[in-house]
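Going by this note's numbering, the sequence shown opens with residue 23, and the numbers climb by one from there. Backbone N, C-alpha and C define an ideal beta-carbon position, used for all residues, glycine too.
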Amino acid sequence: MTAPSLSLRGDRGPLATFGRLRAEHRSASILVTWLLIGILLPLIVELPGLSDFQQQVVWVDGFAITGIYILLALGLNVVVGLAGLLDLGYAAFFAIGSYAFAFAASPQAITHLNISFWPMLIIGAFVAALFGTLLGAPTLRLRGDYLAIVTLGFGEIVPAIFLNADTYTKGTNGIGGIPQPQLPCIGDLCVKFTFLDPFPFFWTMIVILALVMVFIARLQNSRLGRAWMAIREDELAAASSGINTVTTKLLAFALGASTAGFAGVFSASKLGNVTPTDFSFTVSFTVLAMVVLGGMGNSWGVAIGAFVLYTIQAVLLKELNQFFQGQHVPILESIDFVQYQFLLYGIALVAMMLLRPEGLFPSTRRRRELHESAGGVEVTDLPPPTTEIGES
């Protein structure tokens with residue numbers, strides 16, 4: 023006679039209630055953390071020779087642009103870190119989101135539709151997700167290096183199309199005159215987005231990052247997130263377990279592309295113009311390096327990796343140039359550290375793969391996968407046998 027089995031399905035029972043409370047607690051902690059980051063980050067910066075207000079403007083503007091790369095890294099982490107699909111053409115979706123907003127909002131575009139920033143955030147993400155699905159559909163049977171080559175080709179084709187379609191994209195000059203976001207005034211309180219005041223852009227990016235990270239955290243702990251991780255570990259075993267690998271991988275491509283679409287719309291509005299040179303393979307490589315450095319599968323690790331790498335690229339290397347030129351060091355004063363940034367990336371990635379292949383802040387599951395694959399799984403590492411709930 024079979025004992026009654028315990029149902030864990032649906033939204034009934036103490037385990038389901040605990041899971042909901044835990045997810046809500048995690049979401050609230052993410053929102054509070056980003057609020058603290060938004061408040062404290064502009065207060066801890068200091069540059070010599072500038073007034074306090076000038077320091078904040080310089081750094082806050084840099085933080086707003088850094089947020090674009092953090093958003094890109096979070097989206098690529100869904101594709102590479104969670105689903106295990108190597109994408110080397112991720113900048114293409116970034117370009118699609120940027121040009122979608124330019125076509126819809128810029129008066130210089132032939133297809134000027136006068137659509138504002140806020141609805142275009144959703145529309146741009148949807149358009150990028152559509153192209154992500156179109157890319158993923160014919161490449162579902164490809165894995166590893168073959169998938170990387172196809173995505174690399176896609177990433178090179180999209181900027182080339184925008185470069186050569188002069189009638190619509192203005193070629194190398196790009197599309198300018200892209201408007202900034204607008205918010206209605208509440209009484210005497212009016213928030214205006216201008217190129218001279220980066221604070222509204224900074225807080226907009228903080229809100230976008232917080233919402234996107236909450237969404238990804240909820241997805242990661244959902245049935246879809248577990249299906250992504252199962253495909254990453256062993257696609258054949260995942261398919262044998264009943265997971266629809268086709269739709270699961272398509273959703274990974276689409277959601278990762280939609281995040282890049284968010285970043286593209288924000289970037290176009292922040293900079294005021296888009297050009298094909300802004301979406302080269304360098305962007306895809308840099309974002310992938312951010313994901314690997316931070317720790318694949320961990321959203322906070324990826325965000326920290328993106329922040330560190332962009333700060334090194336945009337701030338530290340320039341400061342090193344000025345420092346050594348001022349010290350008159352015979353050899354180092356003639357070196358332009360900015361030109362050698364990719365050499366430094368390469369050295370850092372090689373060292374990372376040798377010393378800490380899981381990244382600086384990896385997820386627990388990812389760390390366990392890499393160390394088990396490197397050293398093998400011992401018999402003592404296996405969990406003790408358990409009795410099935412419904413066993414006779």
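| Item | Value |
| --- | --- |
| What is the DSSP secondary structure of residue 358, reduced to helix, strand or coil? | coil |
| Evaluate residue 163 with the Cβ neighbour count: other Cβ atoms within 10 Å of its Cβ, from every protein chain shown; 16 or more gives buried, anything less gives exposed. | exposed |
| DSSP state of residue 183, grouped into three classes? | helix |
| Could you check how far apart the C-beta atoms of residue 169 and residue 107 are, in whole angstroms? I think they sit under 8 Å. | 6 Å |
| Can you look up residue 211 in the DSSP assignment and give me helix, strand or coil? | strand |
| May I have the straight-line CA-CA distance separating residue 60 from residue 262, to the nearest angstrom? | 45 Å |
| Beta-carbon within less than 7 Å of residue 295's beta-carbon, same chain only, minus the 5 sequence neighbours each way: which residues are those? | 196, 197, 198, 200 |
| Run the proximity test for residue 63: is its beta-carbon closer than 6 Å to any non-hydrogen atom belonging to the ligand NAP? | Among the components of this structure there are no ligands whatsoever, and the ligand NAP is therefore not found. |
| Report the residue ranges of all alpha helix (DSSP H) runs contained in full by the region 293–365; include only those spanning at least 4 residues, in chain order. | 303–316, 321–333, 339–349 |
| Using alpha carbons as the reference points, say which of 334, 120, 281, 305 lies closest to residue 85. | 334 |
| Counting C-beta neighbours from all protein chains within 10 Å, is the total for residue 140 16 or more, i.e. buried, or is it exposed? | exposed |
| Please report the straight-line C-alpha distance between residue 58 and residue 216, rounded to a whole angstrom. | 24 Å |
| My output table needs one value for residue 204: the three-state DSSP class, helix, strand or coil. | strand |
| Could you tell me the distance, in whole angstroms, from the CA atom of residue 56 to the CA atom of residue 165? | 36 Å |
| Candidates 320, 319, 385, 308: which alpha carbon is nearest residue 365's? | 308 |
| Please go through the same chain and pick out, in chain order, the residues whose beta-carbon is closer than 7 Å to the beta-carbon of residue 403, but skip the five residues on each side of it. | Low confidence applies to residue 403: its pLDDT is 41, below 50, so where it sits in the model is not reliable enough to give any reading. |
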